[in-house]
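Chains as they are written, first to last, in my numbering: chain S, 1 to 163; chain F, 1001 to 1158.
Read the structure below first, then the notes.
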Amino acid sequence: MAGRVSHGPGLTTSAMHGEIDPRMRPIAFGMAALLHELIGFMRKAYGEDLESALIMICVSDATMQSYMPGAKPDSEVIRKDKRDEAVRGSISRRMIADKTGLPRETVRRKVARLVACNYLYVDESGAIRATPRLHDPEMRQAVLSAHDAVKSYLRVISAYGVS
Amino acid sequence: MTQTSPASPASGDEVDPSIRPIAFGLVDLLFDLTFFVRELYGDDLDCAQIMICVNDATMRAFMESLPSDSEVLRMRAPPEEMRGSISRRMIAEKTGIARETVRRKVGMLIEAGLLAADEKDGVRIVPQLHDPRTQKLLEAGHAAVGRYMAVVRNYGID
């Protein structure tokens, strides 16, 4: 930014040495509130460390990818409380390591702990699946709250003209 | 496509039809945002949560009353007198992290140059928005939200 700018009475310009894209600050502001809510969701859903959360997210994705894409909004796939095991997907520990970038030994150790906590389980082929939890009212509420947090993020940034 | 309210009732062995699509969208969003958090704040979930909490307190003080065309939006760093701060006690209350853990981790984050204590011993974020890497990560996080909305809208949820 060239020269001095006016930004309200009583304010100094000493902190200013240039300009940033005006979209950045609203996005950062909205993202702080969104991440606060989503980390609360992750702690509730996946436990207390980010590596375990990343593994849970990766396995949940693999479990749902096998039947969700292409499912119609009013289909039984969407409405049924628990999915048949036959339609749910799974993922190997090696693929989890590849997708997350975590060391294989870390994945092996953390998967074992998540299995012990009953967040994950090992299927008959030795692959990993997420334990169904969407029938749990507390988990359903957490999912809806996370969606609300995303909508709130969009409202915040749109107030600054960011889409 | 019929739009579905996220609060639609479900009965018997049926689940609210918005739940599974939202959960499906969330796994991708969380994967991307976990990457974002680890890149910005490292692997310690407590430190990440503290940084996010302090960031919110620092920005909320001036952002909420800011007009959408304010010059503050373009500044590398708003003047210190505009920026907010938060006590360690309030960080503990807002995050649910034990006070002693907050005290210790805030100390680490100050030492790492990511947080700064003000003259009233409140804590505020050290400005990072001028950093191209931070901007790139924010753009990626914003794009991830856009992809999430595209996924859930595909199932009639808005």
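Glycine included, C-beta positions come from ideal geometry on N, C-alpha and C.
Here the structure is a predicted model, which means the values were calculated and not measured.
The Cβ neighbour count for S:Val87, taken over all protein chains shown within 10 Å, is under 16; the residue is labelled exposed.
Within the stretch 112-127 of chain S, no residue has a Cβ lying closer than 9 Å to any Cβ of chain F. DSSP, reduced to helix, strand and coil, places F:Glu1014 within a strand of the structure shown. The three-state secondary structure of F:Tyr1148, taken from DSSP, is helix. Cβ-Cβ separation between F:Leu1029 and F:Tyr1155: approximately 14 Å, too far for a contact (criterion under 8 Å). The three-state secondary structure of F:Arg1076, taken from DSSP, is coil. Here DSSP, grouped into helix, strand and coil, assigns F:Ala1140 to helix. Assigned with DSSP and collapsed to three states, F:Arg1060 falls in helix. A distance below 7 Å between beta-carbons, with the five flanking residues on each side excluded, links S:Met42 to the following residues of its chain, in chain order: Ala53. Boundaries of the beta strand (DSSP E) around S:Leu120: Leu120 to Val122. If you check each beta-carbon in the stretch 1018-1037 of chain F against every beta-carbon of chain S, the ones closer than 9 Å belong to Ser1018, Ile1019, Arg1020, Pro1021, Ile1022, Ala1023, Phe1024, Gly1025, Leu1026, Val1027, Asp1028, Leu1029, Leu1030, Phe1031, Leu1033, Thr1034, Phe1035, Phe1036 and Val1037. For S:Gly161, the C-beta contacts it makes with chain F under 9 Å involve Ser1068 and Asp1069, in order along the chain. Taking a cut-off of 8 Å for Cβ pairs, the stretch 134-143 of chain S and the stretch 56-74 of chain S do not touch, as fewer than three such pairs fall below it.
Between the C-alpha atoms of F:Glu1111 and F:Lys1105 there is a straight-line separation of about 10 Å. Listed along the chain, the chain F residues whose CB falls inside 9 Å of the CB of S:Lys80 are Asp1013, Glu1014, Val1015 and Arg1020.
Put simply, the backbone Cα of S:Ser90 is about 5 Å away from that of S:Ile128. Around the C-beta of S:Asp61, 16 or more other C-beta atoms lie within 10 Å, and the residue is accordingly described as buried. Sequence-distant Cβ neighbours of S:Glu37 in its own chain, meaning closer than 6 Å and more than five residues away, are Ala149. Between the alpha carbons of F:Arg1099 and F:Ile1091 lies a gap of roughly 8 Å.
By the Cβ neighbour-count rule, F:Pro1078 is buried, with 16 or more other Cβ atoms within 10 Å of its own.
Per DSSP, S:Arg88 lies in no alpha helix (DSSP H) segment and is marked neither H nor E. DSSP, read as helix, strand or coil, puts F:Leu1066 in coil.
In the DSSP assignment, the residues bridged to S:Ala130 are S:Leu120. In the three-state reduction of the DSSP assignment, S:Glu76 falls in the helix class, which pools H, G and I.
F:Arg1088 sits buried, since 16 or more C-beta atoms from the chains shown fall within 10 Å of its C-beta. F:Leu1115: member of the beta strand (DSSP E) spanning Leu1115 to Ala1117, first to last residue. Each of F:Arg1103, F:Asp1158, F:Leu1129 and F:Ala1061 was checked against the Cα of F:Ser1085, and the nearest Cα belongs to F:Ala1061. At a C-beta separation below 9 Å, F:Val1123 has no neighbours in chain S, since its nearest C-beta there lies roughly 14 Å away. When only Cα atoms are considered, S:Ile27 and S:Met68 end up about 30 Å apart.
Around F:Gly1025, the same chain offers Tyr1148, Val1151 and Val1152 as residues with beta carbons nearer than 6 Å, after the five sequence neighbours per side are excluded.
For S:Glu48, the secondary structure class from DSSP, reduced to helix, strand or coil, is coil. In the structure shown, the three-state DSSP call for F:Glu1039 is helix. Cβ neighbours of F:Gln1128 within its own chain (closer than 6 Å, five residues either side excluded): Thr1134. DSSP lists F:Leu1115 as the bridge partner or partners of F:Ile1125.
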